[in-house]
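Asker:
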Amino acid sequence: MHPVIPYVVAALLFGVGVYGVLVRRNAVLLLMSIELMLNAVNLMFVTADTSIVGVPRSGQVFTLFVIVLAAAEVGVGLAVILRFFRLRASVETDGVGAATETDAPREADAPRAAVRPDPDGEAR
Numbered sequence: 001m002h003p004v005i006p007y008v009v010a011a012l013l014f015g016v017g018v019y020g021v022l023v024r025r026n027a028v029l030l031l032m033s034i035e036l037m038l039n040a041v042n043l044m045f046v047t048a049d050t051s052i053v054g055v056p057r058s059g060q061v062f063t064l065f066v067i068v069l070a071a072a073e074v075g076v077g078l079a080v081i082l083r084f085f086r087l088r089a090s091v092e093t094d095g096v097g098a099a100t101e102t103d104a105p106r107e108a109d110a111p112r113a114a115v116r117p118d119p120d121g122e123a124r
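At position 86 of the sequence shown the residue is numbered 86 (the UniProt record's numbering), and the sequence of numbers has no breaks.
1) Contact check, N42 vs V66 under 8 Å by CB: the rounded distance?
2) Drop a sphere of 10 angstroms on the beta-carbon of G59, count the other beta-carbons inside from all chains shown, and report buried for 16 or more, exposed for fewer.
3) Just mark M44 as buried or exposed, buried being the case when its beta carbon has 16 or more other beta carbons within 10 Å.
4) Which residue or residues does DSSP assign as beta-bridge partners of E92?
5) In this structure, how does DSSP classify R57 when only helix, strand and coil are distinguished?
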């Protein structure tokens with residue numbers, strides 16, 4: 001196999017991931033596109049590992065690290081998407097920047113409790 005082929009495949013995977021992030025409106029598809037970009041970087045690390053002579057298996061270590069971070073990112077991302085779906089009944093990201101929670105009162109709008117001194121001198 002020609003040594004340039006994995007680099008070309010990684011670049012194509014990364015390009016497809018960037019296209020998905022820029023074009024898609026569905027939050028789940030955005031998350032999948034980000035994962036595709038991370039896997040392209042993993043392929044690049046493993047491919048570059050074969051050409052690094054000084055440090056053995058450094059590309060594999062970086063790839064394992066990226067996989068662990070990607071697993072954490074998927075967990076947090078799916079939790080955010082699930083919360084957004086419960087609030088809006090949609091996973092479309094069209095109005096995410098302007099979206100605010102209208103059901104929950106803001107802290108500035110909440111009535112302040114009157115602080116009365118206790119007979120012992122402590123505030124209640």
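Note that the Cβ used here is the ideal one computed from N, Cα and C, for glycine as well.
Answerer: Once the coordinates are examined:
1) 5 Å
2) buried
3) buried
4) N26
5) coil
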